[in-house]
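**Student:** To start, I am sharing the structure in question, which I have written as structure tokens.
Residue numbers (the working numbering), protein chains in the order written: chain A, 20 to 336; chain B, 38 to 262.
In structure tokens form, the structure reads like this:
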């Protein structure tokens, strides 16, 4: 790991300004992704700004009937919150399907959103990776791509976003509240937050330099039945091959988002509209633009069948 | 024969050169003083180490240290406090051998910076019990033979103690059927919650037996404790 200096600011705006002051500086919260990448020198920040202790660790009701989740709320605490378990079960389920209990005790809400979109070739510093070293090429393309993206990918990058939580946040139309080094605040709809890789896969979201996430907001509860069904190589503690998040209403209408298929949580308005017609129609809309290869074509079938299992369950009394 | 000698000579030179390079890399500030006038190894890009103070409590004992900012909580415990119970397995949060309890929560100590734990209370396997007075979970692991090589055991035991605590506090898991009800103290719950601790010897069934006994799960082998 490269040496780095370290500071613990007192306010969110100070933290944002502190990151702006040193080129390459990074915020650190739980550190479960950043430190892992720093050990491999994939990330080499010369300065870390510790955002723990900024008081961003509360979950509170909003005036609109939703929830405001502090950026520093731990994944374990968010999944355990009574309101989340009752009104946003898809979010609790997604959190509990992710990582291990030890990691959920350290990982934070904003840190989970900001974990790097990545693949094994990103981790292997002997391989070319446009995300790790822009312009160096992509060894994953033409390699072993069983876990890679099937939609929204580019000639520069085919990695998938690994978060389960973010898939549920996408489904729930979460808002991402931020502060910049000048103290200006804004809310970014999650639909506009993540970027597709295009020719700049190293830029993964729409945050400006120094912009700090302070909270994530959820609109008022949707009701209906909530599902987060994750398919993986072992029963626990593994990344999703694919995952399906859904909220289904008694009349068969609802929403669906999919993980493990793209550089970001994947949601398509036409798929929500097609949900009452069944899994075949909705999955067809979700993955209409899919481009697969021999290793990952199975994901098309797996998404459809997993969504079908969810819809069958939703019809039960 | 001459050829062989030459080969040996060459190999020796290679080894000496290698040793010098290692020294230069480890002590960049004096690298320019290396014999032979070689430029410093990565001298321009290797930033000097930075230290910071941290004060925390480990197993009830207070410590104050000046540490390289890069020091993980695990390395602080093992290399600075010589508490070698917590183990370094993968050093990337995948195996759980480094699991310790910080302020009442189990975490991977390899994926956390020591300096970020100022004021924290850390419990390692050494703080749970002693050889003379084992923690009930330690005793149960011995009784049920919950290990083979033992390398993952300190992490398994710290996790197991936390699992029972988490279930009693009503924290749900991936296998909890009803999110709005208290989770059950069941074997399924224990297995899921222990998934962050890998045992390459495969002692899982005995580990589950040890935990279920301490948890008082009905039907556990050896009866409720």
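Just so you know, even glycine gets a beta-carbon here, dropped at the ideal spot from N, CA and C.
1. When you compare the CB of residue 242 of chain B with every CB in chain A, is at least one pair closer than 9 angstroms?
2. Can you say whether residue 117 of chain B is buried or exposed, counting buried as having 16 or more other CB atoms within 10 angstroms of its CB?
3. Inspect the beta-carbon positions of residue 157 of chain B and residue 139 of chain B and report whether they are closer than 9 angstroms.
4. For a contact meaning CB atoms closer than 8 angstroms, what does residue 136 of chain A contact in chain B?
5. Starting from the beta carbon of residue 20 of chain A, find every residue of chain B whose beta carbon is closer than 7 angstroms, and list them in chain order.
6. Report back the beta-carbon spacing between residue 132 of chain B and residue 193 of chain B to the nearest angstrom; my notes put them in contact at under 8 angstroms.
7. Using the three-state DSSP reduction, which class does residue 249 of chain A fall into: helix, strand or coil?
8. Answer with yes or no whether the minimum CB distance from residue 255 of chain A to chain B is below 9 angstroms.
9. Mapping the DSSP letters down to three states, classify residue 147 of chain B as helix, strand or coil.
10. Per DSSP, residue 148 of chain A is paired with what?
11. Closest Cβ-Cβ distance between residue 58 of chain A and chain B: below 9 angstroms?
12. Is the Cβ-Cβ distance between residue 2 of chain A and residue 90 of chain A less than 9 angstroms?
13. Could you tell me which uninterrupted beta strand (DSSP E) segments, each at least 3 residues in length, are contained entirely in the region 32-70 of chain A, listed from first to last along the chain?
14. Could you pull the DSSP bridge partners for residue 208 of chain A from this structure?
15. Report the CB separation of residue 223 of chain A from residue 286 of chain A in whole angstroms; it is logged as a contact under 8 angstroms.
16. Name the chain A residues whose beta carbon is nearer than 7 angstroms to that of residue 232 of chain B?
17. Hey, residue 259 of chain A and residue 278 of chain A are a contact pair by Cβ (cut 8 angstroms); roughly how many whole angstroms apart?
18. Between B/217, B/91, B/85, B/86, which has its C-alpha nearest residue 27 of chain A's C-alpha?
19. Counting only beta-carbon atoms, is residue 259 of chain A nearer than 9 angstroms to chain B?
20. In the DSSP assignment, the alpha helix (DSSP H) including residue 103 of chain B goes from what residue to what residue?
21. In angstroms, rounded to a whole number, what distance separates the CA positions of residue 153 of chain B and residue 267 of chain A?
22. For residue 125 of chain B and residue 135 of chain B, I'd like the C-alpha separation in whole angstroms.
23. Does the region 102-118 of chain A come close enough to the region 211-221 of chain B to have 3 or more Cβ pairs within less than 8 angstroms?
24. Taking Cβ positions, are residue 161 of chain B and residue 209 of chain B nearer each other than 9 angstroms?
25. Taking the straight line between their C-alpha atoms, what separation do you get for residue 335 of chain A and residue 214 of chain A?
26. Rank A/227, A/238, A/133 by C-alpha distance to the C-alpha of residue 80 of chain A and give the top, closest one.
27. Leaving aside the five residues before and after residue 272 of chain A along the sequence, list all residues of the same chain whose C-beta is less than 7 angstroms from its C-beta, in chain order.
28. Could you give the residue range of the beta strand (DSSP E) that holds residue 280 of chain A?
29. Please confirm whether residue 230 of chain B and residue 196 of chain B have their CB atoms less than 9 angstroms apart.
30. Taking 9 angstroms as the threshold (beta carbon to beta carbon), is residue 50 of chain A in contact with chain B?
31. Rounded to whole angstroms, what is the Cα-Cα separation between residue 256 of chain A and residue 132 of chain A?
32. For residue 165 of chain B, which residues from the same chain have a beta carbon less than 8 angstroms from its beta carbon, with the 5 sequence-adjacent residues on both sides left out?
33. Which residues mark the beginning and the end of the alpha helix (DSSP H) in which residue 224 of chain B is found?
34. DSSP three-state label for residue 321 of chain A, please.
35. Check the Cβ of residue 113 of chain B against every Cβ in chain A and list those closer than 7 angstroms, keeping chain order.
36. Which one of A/212, A/315, A/120 has the shortest CA to CA distance from residue 178 of chain A?
**Tutor:** To lay it out plainly:
1. The count along the second chain starts at 1 and reaches residue 242 of chain B at position 205. Any Cβ of chain A closer than 9 angstroms to the Cβ of residue 242 of chain B would place that residue at the interface, and such an atom is absent.
2. As a first step, residue 117 of chain B must be located in the second chain, where it is residue number 80. With fewer than 16 Cβ atoms within 10 Å of its Cβ, residue 117 of chain B is classed as exposed.
3. Here residue 157 of chain B corresponds to residue number 120 of the second chain, with the count starting at 1. Here residue 139 of chain B corresponds to residue number 102 of the second chain, with the count starting at 1. Against a cut-off of 9 angstroms, the Cβ pair of residue 139 of chain B and residue 157 of chain B comes out as a contact.
4. Start at 1 with the first residue of the first chain, and residue 136 of chain A comes out as number 117. Under the 8 angstroms cutoff, chain B gives no residues; its nearest Cβ is about 18 angstroms from residue 136 of chain A.
5. Locating residue 20 of chain A in the first chain gives position 1, counting from the first residue. Those are 107, listed as they occur along chain B.
6. Your numbering for residue 132 of chain B matches position 95 in the second chain. Your numbering for residue 193 of chain B matches position 156 in the second chain. Actually they are not in contact, since the Cβ atoms of residue 132 of chain B and residue 193 of chain B sit about 11 angstroms apart, beyond 8 angstroms.
7. Along the first chain, one-based indexing puts residue 249 of chain A at 230. Of the three classes helix, strand and coil, the one that applies to residue 249 of chain A here is strand, per DSSP.
8. Residue numbering aside, residue 255 of chain A sits at position 236 when the first chain is read from its first letter. Nearest CB-CB separation between residue 255 of chain A and chain B: below the 9 angstroms threshold.
9. In the second chain, residue 147 of chain B corresponds to position 110, counting from 1. Here residue 147 of chain B sits in helix by DSSP.
10. Sequence index remark: in the first chain, residue 148 of chain A carries index 129 (1-based). A/157.
11. Working through the first chain from its first residue, we reach residue 58 of chain A at position 39. It does: the Cβ of residue 58 of chain A has a partner Cβ on chain B nearer than 9 angstroms.
12. No statement about residue 2 of chain A is possible, as the shown extent of chain A runs from 20 to 336 and does not include it.
13. 45-47, 66-69
14. Taking the first chain and counting its residues from 1, the one referred to as residue 208 of chain A is at position 189. According to DSSP, which records beta bridges pairwise, residue 208 of chain A is partnered with A/194.
15. Taking the first chain and counting its residues from 1, one reaches residue 223 of chain A at position 204. Taking the first chain and counting its residues from 1, one reaches residue 286 of chain A at position 267. Between residue 286 of chain A and residue 223 of chain A the Cβ distance is about 17 angstroms, and since that is not below 8 angstroms, they are no contact.
16. Here residue 232 of chain B refers to the residue found at position 195 when the second chain is read from its first residue. Correct list: 119, 255, 256.
17. Here residue 259 of chain A corresponds to residue number 240 of the first chain, with the count starting at 1. Here residue 278 of chain A corresponds to residue number 259 of the first chain, with the count starting at 1. Going by Cβ atoms, the distance from residue 259 of chain A to residue 278 of chain A rounds to 5 angstroms, so yes, they are a contact pair.
18. Position 8 of the first chain, counting from 1, holds the residue named residue 27 of chain A. The residue with the shortest Cα to Cα distance from residue 27 of chain A is B/91.
19. Indexing the first chain from 1 puts residue 259 of chain A at position 240. Not an interface residue.
20. Numbered from its first residue, the second chain carries residue 103 of chain B at position 66. Where residue 103 of chain B is concerned, there is no enclosing alpha helix (DSSP H), although the beta strand (DSSP E) it sits in stretches over 98-105.
21. The count along the second chain starts at 1 and reaches residue 153 of chain B at position 116. The count along the first chain starts at 1 and reaches residue 267 of chain A at position 248. Computed Cα separation, rounded: 42 angstroms.
22. Counted from its first residue, the second chain places residue 125 of chain B at position 88. Counted from its first residue, the second chain places residue 135 of chain B at position 98. One C-alpha to the other measures close to 6 angstroms.
23. yes
24. For the purposes of this step, residue 161 of chain B is identified with residue 124 of the second chain, where counting begins at 1. For the purposes of this step, residue 209 of chain B is identified with residue 172 of the second chain, where counting begins at 1. For residue 161 of chain B and residue 209 of chain B, no; Cβs fall outside 9 angstroms.
25. What you label residue 335 of chain A is simply residue 316 of the first chain in a count that begins at 1. What you label residue 214 of chain A is simply residue 195 of the first chain in a count that begins at 1. Whole-angstrom Cα-Cα distance: 37 angstroms.
26. Numbered from its first residue, the first chain carries residue 80 of chain A at position 61. If we check each option's Cα against that of residue 80 of chain A, A/238 comes out closest.
27. Looking up residue 272 of chain A in the first chain gives position 253. Within the same chain, residue 272 of chain A has close Cβ partners 294, 295.
28. Mapped onto the first chain, residue 280 of chain A falls at position 261. Careful: residue 280 of chain A lies outside any beta strand (DSSP E) and carries neither H nor E.
29. Your numbering for residue 230 of chain B matches position 193 in the second chain. Your numbering for residue 196 of chain B matches position 159 in the second chain. Their beta carbons are under 9 angstroms apart, which means residue 230 of chain B touches residue 196 of chain B by this criterion.
30. Residue mapping note: residue 50 of chain A aligns to position 31 of the first chain, counting from 1. Among the residues facing chain B, residue 50 of chain A is included, as its CB has a counterpart in that chain under 9 angstroms away.
31. Numbered from its first residue, the first chain carries residue 256 of chain A at position 237. Numbered from its first residue, the first chain carries residue 132 of chain A at position 113. Near 18 angstroms, if we compare the C-alpha coordinates of residue 132 of chain A and residue 256 of chain A.
32. Residue mapping note: residue 165 of chain B aligns to position 128 of the second chain, counting from 1. Closer than 8 angstroms at the Cβ level, and outside the excluded window around residue 165 of chain B, lie 172, 174, 175, 194, 195, 198.
33. The sequence position of residue 224 of chain B within the second chain is 187, counting from 1. From DSSP, the alpha helix (DSSP H) with residue 224 of chain B extends over 224-230.
34. As a working mapping, residue 321 of chain A is identified with position 302 in the first chain. In this structure, DSSP gives residue 321 of chain A a helical state, which the three-state scheme calls helix.
35. Numbered from 1 along the second chain, position 76 holds the residue referred to as residue 113 of chain B. By Cβ distance, chain A contributes nothing, its closest Cβ being about 14 angstroms from residue 113 of chain B, past 7 angstroms.
36. Walking along the first chain from the start, residue 178 of chain A turns up at place 159. Nearest of A/212, A/315, A/120 to residue 178 of chain A, Cα basis: A/315.
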